[in-house]
């Protein structure tokens, strides 16, 4: 527990990259770290406090002593490697499982990009640059991506997680999938994703790090309902 | 050397993700793997041969036995972990070096995205959706990104590599930087990037994997010359 005292996290509620780091910290039994929620809406991710740790002005901004890890995959890899014998083992030794884990983990970033392209289109693209054709293409690309993951889950043994017993791939992927359902993804059309979601949502590391504003307003959105 | 015989790589010349995997294979002394160059221009990355390995229809498509690793960072992490005692050690043990290595490695993907947004704008964005304001913003974002890396290199000890003695971060980052200079980046305005480039370009693993079509036509482009 004492190691966690030298850790600090600046984070924003509901951000998949922040959530990943929080899940990894729970999995490695590193509770008790300092953390401070910041508001994206108020632009606090561009504050001096963040920029000193993360010059990109993004959250998370994570420190372990003097070591800085702002990219969520980097932070997760580091935590697993530095705390191998503490909490749950997140990188499998078996070569086939390890390959699948790394592959899915990194594909998770493409998934996040495609989600963001749809969900944050109007937030990111200036009004005069918006096109219905781009919106439509982004939605098609996200549908293709979702079907890919539905297919990946179809291929793994029933009831198991993405690449074994909750390794790093799930830490990276779960927030994407929770996000997709929060934004209205159809349980009927994506039954494997829905099953994965319901299998993992009550896992202690995930429950402990659940986005507070989702608890405060459980009602989500319907942006993705027709995908 | 025998392990390399069970490896195969479908790749495209000049693609940074493909190049990364090839550098990592050289660093781990895994020469002798099967490889087949495919043409992006002819759309061969969307061929059945690729789709069977990489359903995203992207290169690289890499196999080690039955293990599939298409995401470049995933392939590099896997190769280092599976061949720890062979060739060069790519992940440092020292916690501070390891943190910096993972952080820069993952930031390298943001660098690639920003390069692609400028270099491939017309290739990716349909004509009726193009905007001068978007082109300008993408160029500004890339300039900010390049200055960030110039600054990172300023902060490391003179003459050293990004995060130590050629660990994984350099494997991921070098192709980005080579790409930037290939597309006309100013040596004068980015002296640290230029120094990094010239320090690494003759490293055996990089020389052995240098994009063949760059050798065939050493003249680059000037898309980035004014950044």
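Residue numbers (the working numbering), protein chains in the order written: chain A, 786 to 1012; chain B, 786 to 1012. Using N, Cα and C, we set each Cβ at its ideal position, and we do this for glycine too. Remember, it's a predicted structure, so these values are computed and weren't measured experimentally.
Asked: Rounded separation between residue 924 of chain A and residue 933 of chain A - CA only; Found: 14 Å
Asked: Where residue 943 of chain A falls, given that 16 or more other Cβ within 10 Å makes a residue buried; Found: In this prediction, residue 943 of chain A scores a pLDDT of 48, lower than 50, which makes its location untrustworthy; no coordinate-derived value is stated.
Asked: Reference residue 812 of chain A, options A:937, A:1001 and A:874, closest by Cα; Found: A:874
Asked: Closest by C-alpha distance to residue 936 of chain A, when choosing among A:956, A:907, A:894 and A:981; Found: A:981
Asked: Contacting residues, own chain, Cβ-Cβ under 8 Å from residue 914 of chain B (five flanking each side not counted); Found: none
Asked: CB contact below 8 Å: residue 892 of chain A versus chain B; Found: yes
Asked: Range covered by the alpha helix (DSSP H) that runs through residue 954 of chain A; Found: 953 to 967
Asked: Within chain A, partners of residue 822 of chain B - CB distance below 8 Å; Found: Ordered by position in chain A, no residue passes the 8 Å Cβ test against residue 822 of chain B, which lies about 22 Å from the chain.
Asked: Range of the contiguous alpha helix (DSSP H) that encloses residue 998 of chain B; Found: 997 to 1001
Asked: Distance CB(residue 820 of chain B)-CB(residue 804 of chain B) smaller than 8 Å; Found: no
Asked: 8 Å Cβ cutoff, residue 1009 of chain A in contact with chain B; Found: no
Asked: Backbone secondary structure at residue 830 of chain B - three-state DSSP; Found: helix
Asked: 8 Å Cβ cutoff met for residue 810 of chain A and residue 864 of chain A; Found: yes
Asked: Residue from A:890, A:878, A:879 and A:834 with nearest C-alpha to residue 802 of chain A; Found: A:890
Asked: Validate contact between the segment 880 to 888 of chain B and the segment 827 to 834 of chain B using beta carbons, cut 8 Å, 3 pairs; Found: no
Asked: Whole-angstrom C-beta distance between residue 872 of chain B and residue 957 of chain B, which should lie under 8 Å; Found: Actually they do not touch by this definition, with Cβ atoms about 17 Å apart.
Asked: Buried/exposed call for residue 857 of chain B, threshold 16 Cβ in 10 Å; Found: buried
Asked: Chain B contacts made by the segment 864 to 879 of chain A, where a contact means CB separation under 7 Å; Found: 866 and 867
Asked: Sequence-distant residues of its chain with Cβ nearer than 7 Å to residue 990 of chain B (five each side left out); Found: 808, 811 and 812
Asked: Minimum C-alpha distance to residue 823 of chain A - residue among A:836, A:895 and A:870; Found: A:836
Asked: is_contact[residue 939 of chain B, chain A] using C-beta, thresh 8 Å; Found: no
Asked: Contacting residues, own chain, Cβ-Cβ under 6 Å from residue 815 of chain A (five flanking each side not counted); Found: 789
Asked: Chain A contact for residue 1001 of chain B (CB, 8 Å cutoff); Found: no
Asked: Residue 820 of chain A (DSSP reduced to helix, strand or coil); Found: strand
Asked: Proximity winner among A:791, A:867, A:792 and A:1009, relative to residue 930 of chain A (alpha-carbon distances); Found: A:1009
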